[in-house]
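Heads up: the structure comes next, in structure tokens.
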């Protein structure tokens with residue numbers, strides 16, 4: 001399973017800047033290894049807590065290359081049941097149950113960028129690294145094929161800062177917009193619209209309803225992070 005790429009600023013580490021990540025992506029393309037390998041490195045970083053320094057750092061670039069080659073064919077979470085298409089799971093679970101080479105990827109709907117921005121706006125302050133990691137890990141994703149994911153509204157460069165800011169104002173409305181684009185593209189990528197709505201979106205929306213309610217207030221956000229051991233006393 002490939003690692004989700006809806007939020008460019010979260011690909012390698014929550015605190016990495018966009019320029020660093022763009023240079024990293026260009027570096028991967030220069031190696032001729034492509035997006036799947038980049039996703040594999042992102043997954044590796046998530047699982048090990050590694051941070052790859054890739055801007056103006058030749059050693060960091062070498063590390064990136066090494067990790068791409070080391071992880072591009074590795075199986076992740078071999079002891080767990082693999083994820084299946086249209087399954088709704090947390091991002092953490094999607095990583096734990098990932099299988100390399102199955103072309104499946106977990107998509108945050110709405111994007112993790114919008115969710116994080118919404119939470120930060122509600123709190124009135126930026127998330128810590130630990131909080132950003134916990135938020136990404138414990139929010140819901142939909143498992144889809146990589147090419148279908150790439151057709152999505154928030155995939156990679158499609159998710160502009162303006163779109164993220166607008167989506168952050170109403171997360172459920174943003175999710176509906178994401179789902180509408182997937183419904184439009186469903187048949188082209190071999191998906192049945194009824195299955196997509198019934199087996200996937202209805203489940204996703206139900207799970208997100210309670211979560212987004214909790215993330216709509218400062219107290220709810222505090223409890224969310226406290227439960228995950230990521231809340232830092234003021």
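Numbering (the numbering used here), first residue to last: 1 to 234.
Even glycine gets a Cβ: it sits at the ideal position worked out from N, Cα and C.
Between which two residues does the beta strand (DSSP E) holding residue i run?
i: residue 106; result: 104-108
In terms of alpha-carbon separation, which member of the options lies closest to residue i?
i: residue 186; options: 205, 207, 169, 152; result: 152
i: residue 103; options: 146, 133, 138; result: 146
i: residue 139; options: 154, 164, 222, 88; result: 88
i: residue 90; options: 159, 177, 178, 135; result: 135
i: residue 182; options: 117, 166, 144, 157; result: 144
i: residue 162; options: 105, 117, 220; result: 117
i: residue 150; options: 194, 191, 105; result: 105
i: residue 125; options: 228, 221, 192; result: 221
Is the beta carbon of residue i sitting closer than 8 Å to the one on residue j?
i: residue 171; j: residue 110; result: yes
i: residue 114; j: residue 168; result: yes
i: residue 122; j: residue 209; result: no
i: residue 212; j: residue 131; result: no
i: residue 92; j: residue 137; result: yes
i: residue 154; j: residue 178; result: yes
i: residue 141; j: residue 107; result: yes
i: residue 148; j: residue 189; result: yes
Going by the DSSP bridge assignment, what does residue i pair with across the sheet?
i: residue 141; result: 89, 108
For the alpha helix (DSSP H) containing residue i, name the first residue and the last one.
i: residue 182; result: 171-185
i: residue 203; result: 202-214
i: residue 158; result: Unbroken run through residue 158: none, as it is neither H nor E.
i: residue 223; result: 218-227
i: residue 152; result: It is not in any alpha helix (DSSP H) - residue 152 carries neither H nor E in the DSSP assignment.
Can you tell me the Cβ-Cβ gap for residue i and residue j, rounded? I've got them flagged as a contact below 8 Å.
i: residue 86; j: residue 199; result: 5 Å
i: residue 83; j: residue 98; result: 7 Å
i: residue 128; j: residue 234; result: Rounded, the Cβ-Cβ distance is 12 Å, inconsistent with contact.
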